[in-house]
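Here the structure is laid out as structure tokens; the discussion comes afterwards.
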Amino acid sequence: MATTLYDKIWQDHMIDKNTSSSPSVIDKEGTEGLMYIDRHLIHEVTSPQAFAGLDDKNRKVRCPQRTFATMDHSISTRSLAIDACGPTNQLQLQTLANNCKKHGISLFPVGHQKQGIVHVMGPELGLIQPGMTVVCGDSHTATHGAFGALAFGIGTSQVEHVFASQTLKQSKAKSMLVKVNGALPIGITAKDVILAIIGEIGHAGATGHVIEYSGEAISALSMEERMTVCNMSIEAGAKAGLIAPDQTTFDYLEGREYAPKGDDWNQAVAYWKGLVTDEGAEFDSVIELNAADITPQVTWGTNPGQVIGVNTPVPAVTDFDDPIDQDSAVKALKYMDLTPGQKLSDLAVNNVFIGSCTNGRIEDMRAAAAIAKQGKVADGVTAIVVPGSVAVKKQAEEEQLDQIFVEAGFEWRLPGCSMCLGMNDDILQEGDRCASTSNRNFEGRQGRGARTHLVSPAMAAAAALAGHFADVRDYQ
Amino acid sequence: MTTQTSPAGIDVHTGTAAPLNQANVDTDQIIPKQFLTAVTRSGYGKHLFHDWRYLDQHEQVLNPEFSLNKPEHQGASILLVRENFGCGSSREHAPWSLDDYGFKVLIATSFADIFYGNCINNQLLPVQLESDQMDQLFALVEQDSTTQITVNLQQQTVTAGDLSFGFDIAEQHKNNLLKGLDAIGQTLELDAQITAFENSRPAWQQA
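Chains A and B, in that order, are what the protein sequence lines are. In terms of the working numbering, the first sequence has 416 at position 384, counting the first letter as 1, and numbering is strictly consecutive. In terms of the working numbering, the second sequence has 606 at position 4, counting the first letter as 1, and numbering is strictly consecutive.
Take a look at the structure:
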């Protein structure tokens, strides 16, 4: 039978496949079972209660060697001091350090050369490989699907379950194919692609599904760009996003620290090449977009599905048919202080954030710098650039991108999650309007009463220079 | 409010409901990030819906317009919401805060996936009803806030006044809620199978 990439990864990780004595582990239809987890990434926010749960029951971490920790959410982007964001954050960070030491887990703390946002650090070290199952107590774990790995976010109770057993009880999700046909126009980025997809299917459009992205436009993307696309699968409600591994994937992985070496590499590549959806395999739903139709995207509302092209006027409530969408639009227009018909180019921004697990990689830094060098940050705009990891920061500095940013009036910060969610002191004030390369424009996400518009790194840099939203294609 | 529980789980719950007539309520609204720096599981209830519930950042001034603050909805143990409730992050602090506030049952048109699983793992019962059924429940509670709603997990029914609806729930989730199972302890009984699986894989996959 023709099967999908998701089917293949699922089947390869069901525990009883190789043990005939465990009939209770997997159901007859193969839709529920105990899944083996290859890689477990952890950070300071969602792990302390899981470790405490283990300790309460005197359990240990089954596979510390499959588990990797970093500090990212609660840390300062101005100082390497662990107490820079106050005693509560410090306690959380120290708790992670103590727990990792106790259980023999590799930790990349603040100041470590491998430290970074968990979803930037993992791939750049080669920890994420095709066909793996990858989990983390963080919804943006979907990022790692870019490698053809089944990667999804879990809650803290599940983090504890993986610690103790290296498995999770799973129900099989439905499958959705999202095909982006043709080539992307000049100036259109992976961020625009995923925002356009979410705009098309809606903020909950893929709930209960695993998405596989394919089509010419997807195949042509670099690994960094594929990570941006898969990262925001959760913003469409999906459990995970997948892109089948290909030569781009293998080239990215070869030689990275934790990637297989020598004969192991050859065996791995042989296995990875089989990780594709068979011709004729069926999906529960199929969505197709034409790459040529995608324009630079800007969210106008308070969920990522409320998104328009940069030259499209702000919608009116009557533009929506569904009463629930209408109600959401009323609330969003009010919170965002927007008027239907308003042009985004008339909308002043006073903050710009470039970074996050969505857009904090080296290619994002390059794309933003290419715009930044064309001008100066507008008066009254605070613009910060936060590299996703120490490795990204070093690479950017080698390419002197930091100098471009600083000369243009941007602040160049230390790596971390930063203003994507503001668990440190990088928070906005009430009424601030921010062009942000992050992934969520929820009410108060970047600060109580603050207004977030999601855009690509190039669009964010253009907004910083213009002081309002601007079509990045005018800068190319 | 009464809850009949089996030895460790939830079975039948009866209580009044607080209506939150809104779609796409995300985890940043349920429990904002500034409360995620704690290292314990308890004490999140007072911060539930912080930005909507309080007019100030220090939680001194209640917002009288917010549903949960209205006198008639004090003591509610059931939350009525609309579609895609709990969308956004994986933070388990969201169900922890709902539970700590006093909610035992959430009734919505739909839930976000990770949030739904987190509820199951915290003995918080998520009930999914059709949109028109939700309309009727909202209308009933709006008419009479003292309406007692009974949720019977064993029979998979929601009854209130003259209304009676059935709901779907996966068998494994139902069992976990009914029996309050130690999911980890259950899995650890399969240690031999997990080890056999690990040993069956090619060397390069054995981390």
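Where a beta carbon is used, it is the ideal one built from N, C-alpha and C, also for glycine.
Sheet register partners of residue i (DSSP bridge)
i        : result
B/Phe713 : B/Phe687
A/Trp42  : None, per the DSSP bridge assignment.
A/Lys206 : A/His241
A/Glu443 : A/Ile416
B/Gln621 : A quick correction: the sequence has Pro, not Gln, at residue 621 of chain B. Partner(s): B/Leu682.
A/Thr350 : According to DSSP, A/Thr350 bridges with nothing at all.
A/Thr165 : A/Leu182
A/Lys211 : A/Ser246 and A/Glu320
A/Cys466 : A/Asn383 and A/Thr484
B/Pro728 : B/Leu708
A/Thr99  : A/His72
A/Glu64  : A/Ser203
A/Gly341 : A/Gln329
A/Ser421 : A/Gly148
Burial state of residue i, where buried means 16 or more other Cβ atoms lie within 10 Å
i        : result
A/Ile218 : exposed
A/Gln338 : buried
A/Leu307 : buried
A/Ala516 : Nothing can be reported for residue 516 of chain A, as the shown portion of chain A is limited to 33 through 508.
A/Gln202 : buried
B/His660 : exposed
B/Asp734 : exposed
B/Lys635 : buried
B/Ala619 : buried
B/Asn724 : buried
A/Lys60  : Interpretation of A/Lys60 is limited by its pLDDT of 49, a score under 50 that renders its predicted location unreliable; no figure is taken from the coordinates.
A/Asp357 : buried
A/Pro447 : buried
A/Val210 : buried
B/Leu792 : buried
A/Leu112 : exposed
B/Asn686 : buried
A/Lys13  : In the structure as shown, chain A starts at 33 and stops at 508, and residue 13 of chain A therefore has no counterpart that could be examined.
A/Glu320 : exposed
B/Ser766 : exposed
Short Cβ contact (8 Å threshold) for residue i with residue j
i        : j        : result
A/Gly169 : A/Thr78  : yes
A/Val418 : A/Gly387 : yes
A/Lys408 : A/Ala440 : yes
B/Gly688 : A/Phe474 : no
B/Phe740 : B/Asn623 : yes
A/Gly420 : A/Cys389 : yes
B/Ser692 : A/Gly187 : yes
A/Arg465 : A/Val381 : yes
A/Gly247 : A/Val212 : yes
B/Gly550 : B/Thr761 : Outside the shown range of chain B, which is 603 to 809, sits residue 550 of chain B, and nothing can be said about it.
A/Ala215 : A/Ala323 : yes
A/Asp396 : A/Thr469 : yes
B/Leu779 : B/Ile709 : no
Through-space distance from residue j to residue i, alpha-carbon basis
i        : j        : result
B/Val707 : B/Leu731 : 13 Å
A/Leu433 : B/Gln774 : 52 Å
B/Thr642 : A/Pro80  : 7 Å
A/Ile226 : A/Tyr245 : 10 Å
A/His105 : B/Gln757 : 43 Å
A/Gln374 : A/Pro489 : 23 Å
A/Met255 : A/Ala178 : 7 Å
A/Asn50  : B/Ala805 : Residue confidence is low: A/Asn50 scores 42 on pLDDT, short of 50, so the model does not pin down where it sits. Its coordinate-derived value is still stated next. Spanning the two alpha carbons is a distance of roughly 16 Å.
A/Gly392 : B/Val743 : 47 Å
A/Ser54  : A/Leu200 : A caution first: A/Ser54 carries a pLDDT of 44, below 50, which makes its placement in the model too unreliable to give a value.
A/Asp353 : A/Ile74  : 42 Å
A/Pro162 : A/Pro277 : 6 Å
A/Cys132 : A/Asp70  : 18 Å
A/Val330 : A/His485 : 6 Å
A/Cys117 : A/Ser108 : 6 Å
B/Ala544 : B/Tyr718 : Missing from the structure shown is residue 544 of chain B; chain B here goes from 603 to 809 and no further.
A/Ala205 : A/Thr63  : 8 Å
A/Ser171 : A/Ile266 : 7 Å
B/Leu783 : A/Ala313 : 37 Å
B/Asn728 : B/Gln750 : One point to set straight first is that residue 728 of chain B is Pro, not Asn, in the sequence displayed. Rounded to the nearest angstrom, the two C-alpha atoms are 18 Å apart.
B/Ala772 : A/Thr36  : 24 Å
Residue-chain proximity (residue i, chain C), Cβ-Cβ < 8 Å
i        : result
B/Leu622 : The chain inventory of the structure shown lacks chain C, comprising the protein chains A and B.
| task | Could I get the ranges of all uninterrupted alpha helix (DSSP H) runs contained in the segment 741 to 800 of chain B, with 4 residues as the minimum, in chain order? | result | 773 to 781 and 785 to 790
| request: Output the residue ranges of the alpha helix (DSSP H) runs that lie fully inside the segment 101 to 147 of chain A and measure 4 residues or longer, sorted by chain position. | output: 119 to 135
| request: Please go through the segment 469 to 507 of chain A and give each complete beta strand (DSSP E) segment of 3 or more residues, from N-terminal end onward. | output: 483 to 486
| request: Would you list, in sequence order, the uninterrupted beta strand (DSSP E) runs of no fewer than 3 residues that lie entirely inside the segment 266 to 331 of chain A? | output: 272 to 274, 317 to 322 and 329 to 331
| task | Please go through the segment 615 to 675 of chain B and give each complete beta strand (DSSP E) segment of 3 or more residues, from N-terminal end onward. | result | 619 to 621
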